[in-house]
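First comes the structure, then the notes that go with it.
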Amino acid sequence: MPKQGQFARQSRQSKLKATKQKLKRQKQTITDQQMSDFLVVRYALTLRQRTAANSQETLQRFIQEIADHLRQTQGDFERLLPMIWLKVRGQVPWQFYWQLSLNWPQLAPFLHREINALPLAQPIWAQQLPTPEAFDAQLLNELVNQIIATTTLNHPLKSEQKEQLKQRLTATLWIDNQIQWEQIRQLLGPFQQTITSNDSGSQVWLDRLARL
1 MPKQGQFARQ SRQSKLKATK QKLKRQKQTI TDQQMSDFLV VRYALTLRQR
51 TAANSQETLQ RFIQEIADHL RQTQGDFERL LPMIWLKVRG QVPWQFYWQL
101 SLNWPQLAPF LHREINALPL AQPIWAQQLP TPEAFDAQLL NELVNQIIAT
151 TTLNHPLKSE QKEQLKQRLT ATLWIDNQIQ WEQIRQLLGP FQQTITSNDS
201 GSQVWLDRLA RL
């Protein structure tokens, strides 16, 4: 049995070790501005290796967009995703949404795990990540709005007419809880325009997307 003095020394050593571990953890924390790079590195080490080559860049850019909105929304995807859809509207071809739909079943668990593991001084917890079906429903809503805006550009519709058209398109393009991507291609393909970017890397990615 240790003497009182020995016990005291052991107690002080334990406290010192705990303090050192705490300081080490503090030194390893990242800032909010580093979240994007951190998640991209984790993606490169894990999910990217299991992702089809033509989808890798799209998922990386989507992860970067998510990182940019994490602190503002505190990881609440019910608030976060609409912000992204609004931001990218008109900036990406329809194939962007197609690739997200194909990969969301694998991407969602990655985001949940890696966001919760971000070494931040003030943690962010991933919340309300949609199921694949709910995620696709959001994508379809964006695409239907694009179809209406594109095909009625020269023939503006009244609000009631637009809503009726939206309901008909949704019923046609959503069968067995799945988006009918070939029909999306037929509807938006003829109207697809070249989307330009000031960044050469983004331009290469956009051009490749449009050719899928």
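Counting from 1, one number per residue, gives the positions in the sequence shown under UniProt numbering.
Note that beta-carbon positions come from the ideal geometry of N, C-alpha and C, so glycine has one too.
- The Cβ atoms of L173 and L140 sit closer than 8 Å to each other.
- Excluding the 5 residues flanking it on each side, L47 has same chain C-beta neighbours closer than 8 Å at L59, Q106, L107 and F110, in chain order.
- Minimum Cα-Cα distance from Q178 among the listed residues A137, E78 and L206 corresponds to A137.
- Rounded to the nearest angstrom, the Cβ distance from T29 to L120 is 6 Å, consistent with a contact under 8 Å.
- Residue pairing by DSSP puts L120 in a beta bridge opposite I30.
- Looking at the DSSP output, W174 bridges to I179.
- Assigned with DSSP and collapsed to three states, Q127 falls in strand.
- Close CB contacts of W125 within its chain, under the 7 Å cut and outside five residues either way in sequence, are with G75 and N116 (chain order).
- Sequence-distant partners of M83 (beyond 5 residues in either direction) whose C-beta falls short of 6 Å from its own C-beta, in its chain, are H69.
- Per the C-alpha coordinates, the member of L129, N103, H155 and Q91 positioned closest to L143 is Q91.
- Counted as a single uninterrupted DSSP element, the stretch harbouring T46 is not any alpha helix (DSSP H), since DSSP gives it neither H nor E.
- DSSP places D199 in the coil class of the three-state scheme, outside both helix and strand.
- Contact between Q128 and E65 fails: their C-beta atoms lie close to 17 Å from each other, not under 8 Å.
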